[in-house]
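J.: Once you've had a glance at the structure underneath, I'll fire off some questions.
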Amino acid sequence: MNWQSVTDARDPRLAPFRDLRGRDTGSKQAAAVADGLPVVREVLRARERGARLRALLCEEGMETEMEAELGAAGDAALLRAPRALLSEVVGYRFHRGCLACFDPPPLCELDDLGDRVLVLEKVEKGENAGTVLRSAAAFGVRSILIDPEGVGPWDRRVLRASRGLVLRCRVHVPDRFEAAVKELQNRGYALAITTVNSDRATPLWNTEWPRQLALCLGNEAFGISERLDARADLRLHIPMEPDTHSLNVATAAGIALSWLWARSPTPPERR
């Protein structure tokens, strides 16, 4: 394979990877960037689902390992550089071996979602969204509806926190979020929301899970919006010590998805 050596951080071939922390802007980026070997591996696998690799940048000495993962490179640029140069380029201490710049696979349509849909309403932090999506993939929920006002699914931090597993999901980002949620309900999905208000909610472990479910998690600071709360078919809460207020959205998602998996696993053909 035609690997090109890079020795200058100002090299224009490194433009897709430069100052990543300073330009984390989610789905508004022209192309997505994955950092770290586990995520890059998922990017390479996602080519079967329509992702397109633009450039691969790896630490010197990893070429043989990457070739085993890469297969055909197509028209992608294959770049190698010393580890210290990688850190200088990306803008933080980098020790994960490789990065990829790629066009994500196409978003899916509402019709393509399975019987269990994870809904994220205005989740803003990529680390939270990515951790939620990693839990979703682990517990068999791979249909995702994401509010366009929150962080995008191909944000670098989402990709990293999910270890790239979001690339295995069917992801729908509608133009009109509330209209999409309403349409799911019209199609027979029960809308379940998580809430800290135990007076109006059912404890998670007393819940009877319906066949078609849209499990909605809200914004880190404000939770579920009032309009979505008013539409909810199920209100769920996680019982906890009375002097505590709430859990981080990613922690709450892991508990809820684990309980859903244990009580009512979704067969693969319905995901």
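With the first letter of the sequence shown counted as 1, position 208 gets the number 279 in this note's numbering; the numbers rise by one all the way through.
Ideal placement from N, C-alpha and C gives every residue a C-beta, glycine not left out.
1) On the DSSP letters alone, give me the boundaries of the alpha helix (DSSP H) that Leu85 sits inside.
2) What three-state label does DSSP hand Ala251 in the structure shown?
3) Using the three-state DSSP reduction, which class does Arg341 fall into: helix, strand or coil?
4) Round the Cβ separation of Ser233 and Arg205 to the nearest angstrom and send it over; I've been treating them as touching at under 8 Å.
5) When DSSP builds the beta bridges, which residues end up paired with Val188?
6) What number of angstroms, rounded off, separates the C-alpha of Glu134 from the C-alpha of Gly162?
7) Can you give the Cα-Cα distance for Leu85 and Ser76, rounded to whole angstroms?
8) Runs of 3 residues minimum, wholly inside the stretch 195 to 245: which ones carry the beta strand (DSSP E) assignment?
9) Can you tell me which of Thr273, Arg247, Ile295 and Ala263 puts its alpha carbon nearest to the alpha carbon of Pro281?
10) By how many angstroms is the C-alpha of Leu141 removed from the C-alpha of Glu130?
11) Using 10 angstroms around the beta-carbon of Trp276, count the other beta-carbons present and answer buried if the total reaches 16, otherwise exposed.
12) How big is the Cα-Cα spacing for Glu136 and Asp304?
13) From Arg239 to Ala209, what distance separates their C-alpha atoms?
14) Do you know offhand how far Leu149's Cα is from Arg120's?
15) I'd like the ranges of any beta strand (DSSP E) spanning at least 3 consecutive residues and lying wholly in the stretch 90 to 175.
16) Nearest to Gln283 by CA position, among Ala117, Arg227, Gly201 and Ser214, is which residue?
17) In terms of residue numbering, what span does the alpha helix (DSSP H) encompassing Ala324 cover?
18) Quick one: is Gly97 buried, meaning 16 or more other Cβ sit within 10 Å of its Cβ, or exposed?
19) Quick check: what's the CA-CA separation for Arg154 versus Arg302?
T.: Taking the geometry as given:
1) Element bounds for Leu85: n/a, residue is neither H nor E.
2) helix
3) helix
4) 4 Å
5) Ser214 and Ala285
6) 23 Å
7) 11 Å
8) 214 to 217 and 241 to 243
9) Ala263
10) 15 Å
11) exposed
12) 50 Å
13) 11 Å
14) 21 Å
15) 103 to 106, 123 to 130, 148 to 152 and 169 to 174
16) Ser214
17) Val320 to Arg334
18) Caution is warranted here: a pLDDT of 44 is assigned to Gly97, below 50, making its placement in the model unreliable, and no coordinate value can be reported.
19) 51 Å
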